[in-house]
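Going by numbering that gives the first Met the number 0, the sequence shown opens with residue 0, and the numbers climb by one from there. Positions of the beta carbon are idealized from the N, C-alpha and C atoms, including for glycine.
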Amino acid sequence: MAPPADDHGTNPLSQVLGRLGLSGDQLSTLQSQLGRVMPSEQLKLMRDLVDTFSPSGDQLAAIRRQLEAQRTQVEAMLAQLEDMEATLERLAQTAEQIQAMQEPFHRLTHLFTGGTDRPAGGRQ
Numbered sequence: 000m001a002p003p004a005d006d007h008g009t010n011p012l013s014q015v016l017g018r019l020g021l022s023g024d025q026l027s028t029l030q031s032q033l034g035r036v037m038p039s040e041q042l043k044l045m046r047d048l049v050d051t052f053s054p055s056g057d058q059l060a061a062i063r064r065q066l067e068a069q070r071t072q073v074e075a076m077l078a079q080l081e082d083m084e085a086t087l088e089r090l091a092q093t094a095e096q097i098q099a100m101q102e103p104f105h106r107l108t109h110l111f112t113g114g115t116d117r118p119a120g121g122r123q
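In structure tokens, the structure reads:
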């Protein structure tokens, strides 16, 4: 026989089974069957075990908030990384353009100095 509905707060079996998320009929059936088989000392140990290893809703909400904050930080870091990559690409293109513009002057310098110095970039 299942305990009265108002006894759920003090009955250790009700507290443990209430965390399973079963419907009312399933909970009552399971509760009555376990009440016949399991002594109250074992139920208390079972409740303690469930309390120890099951995070509460508050803990889960805090973890979710922390993950959302970290996701926001990672997304901001990704945007910064993409900006840095774009800047680096522009710097690399500018360096190539400068090198291309300097090469004729290096060749002229190479001709006037008698060919003893190698032009920039290792080209002759």
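Specify the secondary structure class of residue i as computed by DSSP and reduced to three states.
i: Pro103; result: helix
i: Thr112; result: coil
i: Ser55; result: coil
i: Ser22; result: coil
i: Ala4; result: Model confidence at Ala4 stands at a pLDDT of 43, short of 50, so the residue's coordinates are unreliable and nothing is read from them.
How many angstroms separate the CA atom of residue i from the CA atom of residue j?
i: Gly23; j: Leu80; result: 53 Å
i: Gln65; j: Glu74; result: 14 Å
i: Gln69; j: Gly56; result: 20 Å
i: Leu19; j: Glu67; result: 27 Å
i: Phe104; j: Ala85; result: 30 Å
i: Leu90; j: Ala78; result: 18 Å
i: Thr51; j: Gln32; result: 24 Å
i: Thr112; j: Met100; result: 20 Å
i: Ser39; j: Gln58; result: 28 Å
i: Val49; j: Thr71; result: 33 Å
i: Ala61; j: Met76; result: 22 Å
i: His125; j: Gln96; result: Given that the chain is displayed from residue 0 to residue 123, the structure contains no residue 125 and the question cannot be resolved.
i: Asp82; j: Glu88; result: 10 Å
i: Leu44; j: Arg63; result: 29 Å
Since residue i and residue j are thought to touch, with beta carbons under 8 Å apart, how far apart are those beta carbons, to the nearest angstrom?
i: Leu21; j: Leu29; result: 7 Å
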